[in-house]
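A.B. asks: The structure under discussion is supplied below as C-alpha cells; questions concerning it will follow.
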Amino acid sequence: MNSPGSATTITAPEQVFDWLDSEAAKRAEAGLVRRLRPRGSETEQLDLAGNDYLGLARDKRVAGAAAAAALRWGAGSTGSRLVTGSTELHAELEHELARFCGAPAALVFSSGFTANLGAVTALSGAESAIVTDKYIHASLIEGCRLSRADVAAVAHSDPDAVAHALATRRKQRALVVTDSVFSVDGDLAPLGELSRVCRQHGVALLVDDAHGFGVLGDGGRGAVAAAGLAGEPDVVTTLTLSKSLGAQGGAVLGPRRVIRHLVDTARSFIFDTALAPSSAAAALAALGVLRDEPELPGRVLTAASELSSRLAAAGLSTSIPEAAVVSVRAPSPEEAVTWAARCAEHGVRVGCFRPPSVPDGVSRLRLTARADLTEADLDRAVRVIVDSAPEGARA
Ligand SMILES: Cc1ncc(COP(=O)(O)O)c(C=O)c1O
Numbered sequence: 001m002n003s004p005g006s007a008t009t010i011t012a013p014e015q016v017f018d019w020l021d022s023e024a025a026k027r028a029e030a031g032l033v034r035r036l037r038p039r040g041s042e043t044e045q046l047d048l049a050g051n052d053y054l055g056l057a058r059d060k061r062v063a064g065a066a067a068a069a070a071l072r073w074g075a076g077s078t079g080s081r082l083v084t085g086s087t088e089l090h091a092e093l094e095h096e097l098a099r100f101c102g103a104p105a106a107l108v109f110s111s112g113f114t115a116n117l118g119a120v121t122a123l124s125g126a127e128s129a130i131v132t133d134k135y136i137h138a139s140l141i142e143g144c145r146l147s148r149a150d151v152a153a154v155a156h157s158d159p160d161a162v163a164h165a166l167a168t169r170r171k172q173r174a175l176v177v178t179d180s181v182f183s184v185d186g187d188l189a190p191l192g193e194l195s196r197v198c199r200q201h202g203v204a205l206l207v208d209d210a211h212g213f214g215v216l217g218d219g220g221r222g223a224v225a226a227a228g229l230a231g232e233p234d235v236v237t238t239l240t241l242s243k244s245l246g247a248q249g250g251a252v253l254g255p256r257r258v259i260r261h262l263v264d265t266a267r268s269f270i271f272d273t274a275l276a277p278s279s280a281a282a283a284l285a286a287l288g289v290l291r292d293e294p295e296l297p298g299r300v301l302t303a304a305s306e307l308s309s310r311l312a313a314a315g316l317s318t319s320i321p322e323a324a325v326v327s328v329r330a331p332s333p334e335e336a337v338t339w340a341a342r343c344a345e346h347g348v349r350v351g352c353f354r355p356p357s358v359p360d361g362v363s364r365l366r367l368t369a370r371a372d373l374t375e376a377d378l379d380r381a382v383r384v385i386v387d388s389a390p391e392g393a394r395a
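The sequence shown begins at 1 in the UniProt record's numbering and counts up by one.
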C-alpha cells in the first residue's frame, strides 16, 4: 500500500476501473464494440450465424432427450467428473463418440473450449515444444499460453513451416496443433501432410475437429476420419458437441493412455463441474440421428457451396467452402457491422467477424450453412446479403 508522499497516489474506489472507459473509447474508435442481441425463442429470422449445422438443436428427438434427462438426472451434474459429476450418460456418450469416430477412447468435457485447454496443456508442458498453425482457434491458443511450452506459431496451412519449426526446436517432446476446418474462412488443414511431418519427427498431432465433425468424412465422422487418421496411435482429436450435434459440451478422442493421462492431469477436466446430464443426453440423441441419417452432412456441404457460388456470382468476395462455413469479405470493421445489421433488419441473421476474431485483420460476414436450409431460404439469404452489401464489398 502507498503511504502519503510516495511516488504513486492511491486511486479512489470509484476510479479504480476508469481505465476501462479509455479502453472502450479506443474500441469504439476502431469500430470494435460488441453487442449482445438476445433472441426470442420464436423468430422469423433465417439463421446463418449459428453453428447448428445439422439443424438438430431444436429437433424433438434431441431436445426431448435433453428434457427427459433433466427430469431423470437433474438440471445440473452436481459435481466435477471425478467426484459426483460422472453419470452413466457421460460414460455412454464417451463410448458412442469413440465408436462413431473410430477412436480407441473418448473423454467428455463441459465445452469444446475446456477440452482444448485440457488436451493442449496436459499433452505438453515446460519440457515440450508446441508447433501450431497461426490461425488456430482461441481456445487452443489459450492452451498454448497456459502450457509453459516453447510455442512456435507458423504460417497458415504450411506443412513445410511446421517441419522447419520441428527441426529447429529445442525440446525433444513436441505436439503439433491445428484446427481441421479453420473457423474464419472454413478452409481445410492439410491433415495428411501434417501427419506425415509429425511422423518424420516422431511427435504427436492434435486436431481440433470442431467444424469437421458431423459435416466431413463418411457419415459425418469428421475430418480426421476423412484423412484416414482416426484411431492412429499418435493422433488426438478434440470436438465440440455444440455445433453439428446441436447440444453443448466438448470431447477429446485418442489412444487410451492419452485419455487416462487427461483424467489424471487435465485441470480443465478435474476442476470443472461436469457437463449437464441434459447436454450429454442431447448429444447422444443427436449422434443417433446422425447415424440414422447419414445424408445430413452432404446437405450441409451442398448448401454451403450453393451460398458461396451464388454470392460470388453477384460480385462478392467469398471463401470457397470446404465444410459449412462461408465467409464474405467486408471493406472495414464498421461496414461489416452495418452490413450484418442491415441483413438482420431484412430477416437474415449472419455472423460478423472483426479483429481480434480474425487473425489476418480482415473483417468478414461469416455465414454457416445448415442441412435444413431450403431452396427458398437460400434464395432469400442471397438476395438480402447482396442487396445489403456496401459499395466496397464487390470484388
Ligand atoms: C474451432 C473451434 N474450437 C473450439 C471451439 C469451442 O467450442 P465450445 O463452443 O464448445 O466451447 C469453437 C467454437 O466455439 C471452435 O470454433
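Here a beta-carbon is modelled for each residue, glycine too, at the ideal position from N, C-alpha and C. In this text, all values refer to a predicted model and were calculated from it rather than measured experimentally.
(1) Any idea what DSSP makes of V197, helix, strand or coil?
(2) Is the beta carbon of L216 less than 8 angstroms from the beta carbon of A98?
(3) Could you check what DSSP says for L245 in three-state terms: helix, strand or coil?
(4) Measure the alpha-carbon distance for W339 versus L378 and round it to whole angstroms.
(5) What span of residues does the beta strand (DSSP E) with V382 cover, start to end?
(6) Kindly indicate which three-state DSSP category M1 falls into: helix, strand or coil?
(7) In the structure shown, what three-state DSSP assignment does I259 receive?
(8) Taking only the alpha-carbon atoms, compute the straight-line gap between P355 and S309 and give it to the nearest angstrom.
(9) Between which residues of its own chain and S268 is the CB-CB distance below 6 angstroms, once the five residues before and five after are set aside?
(10) Name the DSSP bridge partner or partners of T238?
(11) Quick check on the contact list: which residues have their beta carbon closer than 6 angstroms to a heavy atom of ligand 1?
(12) Quick one: any contact between the region 211-227 and the region 255-265, if contact means 3 or more CB pairs under 8 angstroms?
(13) Suppose you measure from the CA of D179 to the CA of S139; what does that come to, to the nearest Å?
(14) Within 10 angstroms of the Cβ of T8, are there 16 or more other Cβ atoms? Answer buried if so, exposed if not.
(15) Pick from V224, H90 and L275: whose alpha carbon is nearest that of L194?
(16) If contacts are defined as beta-carbon pairs under 8 angstroms, then A393 and L307 qualify, I think. What distance do you get, rounded to the angstrom?
(17) Counting only the same chain and skipping the five closest in sequence on each side, list residues whose C-beta sits under 7 angstroms from that of R342.
(18) Could you give the first and the last residue of the continuous beta strand (DSSP E) run that contains V224?
(19) Would F100 be called buried (16 or more neighbouring beta carbons within 10 Å of its own) or exposed?
(20) Output the residue ranges of the beta strand (DSSP E) runs that lie fully inside the region 292-372 and measure 3 residues or longer, sorted by chain position.
(21) Assuming contact is defined by CB atoms lying nearer than 8 angstroms, are R349 and L46 in contact in what I supplied?
(22) Identify every residue that forms a DSSP beta bridge with L48.
(23) State the Cα-Cα distance for the pair A344 and H164, rounded to the nearest angstrom.
(24) Going straight from the alpha carbon of V236 to that of P255, what length do you get?
(25) What residue does the alpha helix (DSSP H) around T121 start on, and which one ends it?
(26) Between the Cα of H137 and those of L206, A313, R61 and Q248, spot the shortest distance and give me the residue it belongs to.
(27) Using C-beta distances below 6 angstroms, list every residue in its chain close to V62, excluding the 5 sequence neighbours before and after it, in chain order.
(28) Nearest CA to the CA of A66: which residue from V177, T265, A313 and S278?
(29) M1: buried (16+ other C-beta within 10 angstroms of its C-beta) or exposed?
(30) By how many angstroms is the C-alpha of S124 removed from the C-alpha of L146?
(31) Assign I10 to one of two classes, buried (16 or more other C-beta atoms within 10 Å of its C-beta) or exposed (fewer than that).
(32) For R370, count neighbouring C-beta atoms within 10 Å of its own C-beta (all shown protein chains included) and say buried if the count is 16 or more, exposed if not.
(33) So L191 and L229 are in contact, right, with Cβ under 8 angstroms, and what is the actual spacing, rounded?
(34) Please give me, in chain order, every unbroken run of the beta strand (DSSP E) with length at least 3 that falls completely inside the region 75-158.
(35) Determine the direct distance from the alpha carbon of P321 to that of Y53, and round the result to whole angstroms.
C.D. replies: Let me spell this out:
(1) As a position in the sequence shown, residue 197 is number 197, starting the count at 1. Helix.
(2) One-based indexing of the sequence shown puts residue 216 at position 216. One-based indexing of the sequence shown puts residue 98 at position 98. Not a contact, by the Cβ cut-off of 8 angstroms.
(3) Here residue 245 refers to the residue found at position 245 when the sequence shown is read from its first residue. The answer is coil: DSSP assigns L245 none of H, G, I, E or B.
(4) In the sequence shown, counting from the first residue as 1, residue 339 sits at position 339. In the sequence shown, counting from the first residue as 1, residue 378 sits at position 378. Rounded to whole angstroms, W339 to L378 spans 18 angstroms at the Cα level.
(5) Counting from one through the sequence shown, the residue named residue 382 turns up at place 382. First-last for V382: E375 to D387, but that is the alpha helix (DSSP H), not the beta strand (DSSP E).
(6) Your numbering for residue 1 matches position 1 in the sequence shown. No answer about M1 holds up, because its pLDDT of 44 lies below 50 and its placement is not dependable.
(7) Against the sequence shown, residue 259 aligns to sequence position 259. Here I259 sits in helix by DSSP.
(8) Position 355 of the sequence shown, counted from the start, is the residue given in the question as residue 355. Position 309 of the sequence shown, counted from the start, is the residue given in the question as residue 309. For P355 and S309, the distance between alpha carbons rounds to 26 angstroms.
(9) Against the sequence shown, residue 268 aligns to sequence position 268. Correct list, in chain order: T114, L117 and G118.
(10) Looking up residue 238 in the sequence shown gives position 238. DSSP, once it has assigned bridges, lists D208 and V252 as partnering T238.
(11) S111, G112, F113, N116, H137, S139, D179, S183, D208, A210, H211, T240, S242 and G250
(12) no
(13) On the sequence shown, residue 179 is found 179 positions in, with the first residue counted as 1. On the sequence shown, residue 139 is found 139 positions in, with the first residue counted as 1. Straight-line Cα distance between these residues: approximately 11 angstroms.
(14) As a working note, residue 8 is residue 8 in the sequence shown. So T8 ends up on the exposed side.
(15) Position 194 of the sequence shown, counted from the start, is the residue given in the question as residue 194. Checked all of V224, H90 and L275; the closest Cα to L194 is V224.
(16) As a position in the sequence shown, residue 393 is number 393, starting the count at 1. As a position in the sequence shown, residue 307 is number 307, starting the count at 1. So it is not a contact: roughly 15 angstroms between Cβ atoms.
(17) Counting from one through the sequence shown, the residue named residue 342 turns up at place 342. The residues are S388.
(18) As a position in the sequence shown, residue 224 is number 224, starting the count at 1. Premise fails: V224 lies in the alpha helix (DSSP H), A223 to A226, not in any beta strand (DSSP E).
(19) The sequence position of residue 100 within the sequence shown is 100, counting from 1. So F100 ends up on the buried side.
(20) 325-329, 348-353 and 364-368
(21) To locate residue 349, count along the sequence shown from 1; it is residue 349. To locate residue 46, count along the sequence shown from 1; it is residue 46. Against a cut-off of 8 angstroms, the Cβ pair of L46 and R349 comes out as a contact.
(22) Within the sequence shown, the letter at position 48 stands for residue 48. In the DSSP output, where bridge partners are listed per residue, L48 has V350.
(23) Within the sequence shown, residue 344 is the residue found at index 344, counting from 1. Within the sequence shown, residue 164 is the residue found at index 164, counting from 1. Cα to Cα, the separation comes out at about 46 angstroms.
(24) Looking up residue 236 in the sequence shown gives position 236. Looking up residue 255 in the sequence shown gives position 255. Rounded to whole angstroms, V236 to P255 spans 7 angstroms at the Cα level.
(25) Residue numbering aside, residue 121 sits at position 121 when the sequence shown is read from its first letter. Its alpha helix (DSSP H) spans residues G112 to A122.
(26) Here the question's residue 137 lines up with position 137 in the sequence shown. H137 has its Cα closest to that of L206, out of L206, A313, R61 and Q248.
(27) For the purposes of this step, residue 62 is taken as the residue at position 62 of the sequence shown. Result list for V62: L56, G246, A282, A285 and A286, in chain order.
(28) In the sequence shown, counting from the first residue as 1, residue 66 sits at position 66. Ranking the options by Cα distance to A66, first place goes to S278.
(29) To locate residue 1, count along the sequence shown from 1; it is residue 1. With a pLDDT of 44 at M1, under the threshold of 50, the modelled position of that residue is not reliable, and no figure is offered here.
(30) Counting from 1 along the sequence shown, the entry for residue 146 is found at position 146. Counting from 1 along the sequence shown, the entry for residue 124 is found at position 124. Between L146 and S124, the C-alpha separation is close to 10 angstroms.
(31) Position 10 of the sequence shown, counted from the start, is the residue given in the question as residue 10. Exposed is the call here.
(32) Locating residue 370 in the sequence shown gives position 370, where the first residue counts as 1. Answer is buried; the Cβ neighbour count reaches 16.
(33) Numbered from its first residue, the sequence shown carries residue 191 at position 191. Numbered from its first residue, the sequence shown carries residue 229 at position 229. Their Cβ separation, rounded to whole angstroms, is 6 angstroms, which keeps L191 and L229 in contact under 8 angstroms.
(34) 105-109, 128-133 and 150-154
(35) The residue labelled residue 53 in the question sits at position 53 within the sequence shown. The residue labelled residue 321 in the question sits at position 321 within the sequence shown. Distance between the alpha carbons of Y53 and P321 is about 14 angstroms.
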